[in-house]
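Be aware that the sequence shown starts at 1, since it is given in full-length UniProt numbering, and climbs by one per residue.
Beta carbons: idealized from backbone N, C-alpha and C, even for Gly.
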Amino acid sequence: MSEELEKICNNFSIPENPNEFSRTARPFTSSDHPKIYGREKELDHAKSLLGVPKSDLFIGESSSIIAKKRKLVILPIVGMGGVGKTTLAQMVYKDKNVQSYFNLKVWVCVSDQFDLERLTKEIIQCATGNECNVTNLDLLQETLKKLVKYERILLVLDDIWSTDWQRLLGPMIEASDGSAVILTTRDPEHIECTGGDMNILDFIRLEGLEENIYWDFFKVCSGLEVDSENYIQLENIGREICSRLKGFPLAAITLGGLLRKRLDEQHWINIRDSKMWELKHGEHDIMPVLQLSYQYLPSHLKKCFSFCSLYPKDHEFTSIELAKLWIMYRFIPVQESLKRMEDIALGYFHELKNSCFFHYKDNSYGIEKFVIHDLMHDVCQSITKDECYCLEDENIGKISLNIYHIYVFDMNPVAAQNLRKMFKLKKLQSLVVSPYCSFGAIKSLCHGLKSIRRLSLPSGKIKKIPENIGNLKHLQYFGHFRHTNSKFTGFILYPL
């Protein structure tokens, strides 16, 4: 069985541009996402603190005394979830003067699972554009130290949840004067620093947008145009809804995607009067808004979207990856051809994207990538907590015996020796393995999980398919991700 699958994977033709396998779905453009509102002052303030000149004419010369100090500059951006921290960091990161001032720029999503080795490797890979196969932490840090030496680097650590980020920045001390790190976090306590080689600036605290600016933003998100025939009726309802959103951009984007589907009075009234608003939540909590948007999805889209909770926060999705997986998990109605099923799955993805459940990340290497906001990911997890589980080294003891689907994110051969509990999961139907998982761990999984029906393996550092895959007598679908230099390049789906 292993040899047969190997031949199929090697002979399968992957298109040069994977996004072109279906031409029926509406292409995504940057204009699908409303422009940024009301953060111009914060953007200018951040650039000033980082020492970025105001004009291209003086690039290379710092406009800030702070940036001339030899200490590494740390700029924290603090605020509640959904208030726009990541968006502001992206505005700074993509600013043309920032792009010119820093000759090396790296963006890494940290999230709540801090893994020093993995994050160091991600920084190296992002900086070089090449895959890094080093597994020793000391060697990784030495590699990073050499990489940043004599470079003026801007590093963004998005979504930190502890003070562990300081351990990540040891090699950064070798960077040139003017180098800086932007941190985004919900909790200001996470930015406390004990190191003497770092200069933490006063953090930028984000609050909700001002009322007038937020209303303009909300109108764009909800598709409410002044010249629409029922504008007067919808404006009054819209202002009532808008007043409940606390000025949070994520709330306007998500709920706006729901409202714009039907610009009629009754639809807007139903949303305004929904019982979901009565759910208990904190003063600045927008979870009811996100739950409301999810509840209005049709059942087939709920099933597809909630499945994404299987993946870790900040996972970068491609439309192809999800289309193939949704077919593999039988979320797509059976059609006369696989091509037709792919078209339907891509249509589902674009419906979710256009409703703002997926947010555009970037178009690196010619492949569009999307992410789910971490708050919406929390909504998904609350719905599928008894069905889907993302497994990492430190949480292996928390698996419920009733789990159906597992994503193995990061597991080394030593941890693979502690998988006895996984082998007791009699209801487990499917296993998805990330590129970070070791080959030894995958062999152990194939040995013990003999009842699974669906298996997805990456091809990054897995040079061949494990021989003991033949133990999986009930396997119905085998998925094989292809990666080249850390870039997703295709997905093979093989019904068995």
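As assigned by DSSP and simplified to three states, the class of Ser382:
helix
Starting from the N-terminal side, write out each stretch of the beta strand (DSSP E) that is 3 residues or longer and does not extend beyond the UniProt domain "NB-ARC" (69 to 219).
72 to 78, 104 to 111, 153 to 160, 180 to 185 and 198 to 200
Opposing strand residues paired with Leu431 [DSSP bridges]
Ile406 and Leu455
Phe203 to Ile327 span [Cα, whole Å]:
46 Å
What separation, rounded to the nearest whole angstrom, lies between the Cα atoms of His447 and Glu368?
36 Å
Could you tell me the alpha carbon to alpha carbon distance between Ile465 and Leu445, rounded to whole angstroms?
13 Å
When DSSP builds the beta bridges, which residues end up paired with Cys437?
None; Cys437 has no bridge partner.
Just tell me which of His315, Ile320, Ile253 and Phe307 has its CA closest to the CA of Ser293.
Ile253
For Asn468 and Leu75, I'd like the C-alpha separation in whole angstroms.
50 Å
Grab me the residues of Ser176's own chain with a C-beta within less than 7 Å of its C-beta, minus the 5 sequence neighbours each way, in chain order.
Tyr150, Glu151 and Arg152
Residues in its own chain within less than 6 Å of Pro188 by CB, not counting five upstream and five downstream?
Val78
Segment contact, 8 Å Cβ cut-off, at least three pairs: the segment 91 to 99 with the segment 43 to 51
yes
Can you check DSSP and say which residues form a bridge with Cys388?
His405
If you reduce the DSSP assignment to three classes, tell me which class Val334 lands in.
coil
Could you compute how far the alpha carbon of Ser222 sits from the alpha carbon of Thr86?
22 Å
How far does the beta strand (DSSP E) with Val371 in it reach, from first residue to last?
Lys369 to Val371
Touch test, the segment 121 to 136 against the segment 101 to 110, Cβ-Cβ under 8 Å, three pairs minimum:
yes
Residue of Glu192, Asn199, Cys109 and Ile200 minimising C-alpha distance to residue 497:
One cannot answer for residue 497 here, as it falls past the ends of the chain, which runs 1 to 496.
Could you check what DSSP says for Tyr296 in three-state terms: helix, strand or coil?
coil
Taking 8 Å as the cut-off, does the segment 265 to 281 touch the segment 348 to 364 (at least 3 CB pairs, one atom from each stretch)?
no
Backbone CA spacing between Arg23 and Arg340 [nearest angstrom]:
Confidence in Arg23 is poor, its pLDDT being 24 and thus under 50, which makes the residue's placement unreliable; the coordinate value appears in the next sentence. Rounded to whole angstroms, Arg23 to Arg340 spans 11 Å at the Cα level.
If distances are taken between C-alpha atoms only, which option among Leu401, Met172 and Lys41 comes closest to Lys424?
Leu401
What does the Cβ neighbour count give for Asp112, buried or exposed, with the cut at 16 atoms within 10 Å?
exposed
From which residue to which residue does the alpha helix (DSSP H) around Asp44 run?
Glu40 to Leu49
Considering only the alpha carbon of each residue, which of Leu325, Val433 and Ser306 lies closest to Lys385?
Ser306
Determine the extent of the beta strand (DSSP E) in which Tyr37 is found, giving its start and end residues.
Looking at the DSSP string, Tyr37 is not in any beta strand (DSSP E), and its letter there is neither H nor E.
Among Ile452, Glu174 and Ile191, whose alpha-carbon lies nearest the alpha-carbon of Lys427?
Ile452
Since Tyr231 is in the alpha helix (DSSP H), which residue starts that stretch and which ends it?
Tyr231 to Cys242
Rounded C-beta distance between Ile372 and Cys308? I'm assuming under 8 Å.
6 Å
Might you give, ordered along the chain, the residues of its own chain that have their beta carbon closer than 8 Å to the beta carbon of Ile344, omitting 5 neighbours on each side?
Ile332, Pro333 and Gln335
For the ligand ADP, is there a heavy atom less than 8 Å away from the beta-carbon of Glu342?
Looking for the ligand ADP in the displayed structure turns up nothing, as the structure carries no ligands at all.
For the putative contact between Val289 and Leu255, defined by C-beta atoms under 8 Å, what is the C-beta separation to the nearest angstrom?
5 Å
Buried or exposed for Lys324, going by 16 or more other Cβ atoms inside 10 Å?
buried
Closest by CA to His300, which one among Arg272, Glu316 and Tyr329?
Tyr329
Return the residue from the list Val73, Ile36, Glu225 and His190 that minimises the CA-CA distance to Val52.
Val73
Three-state secondary structure assigned by DSSP to Phe307:
helix
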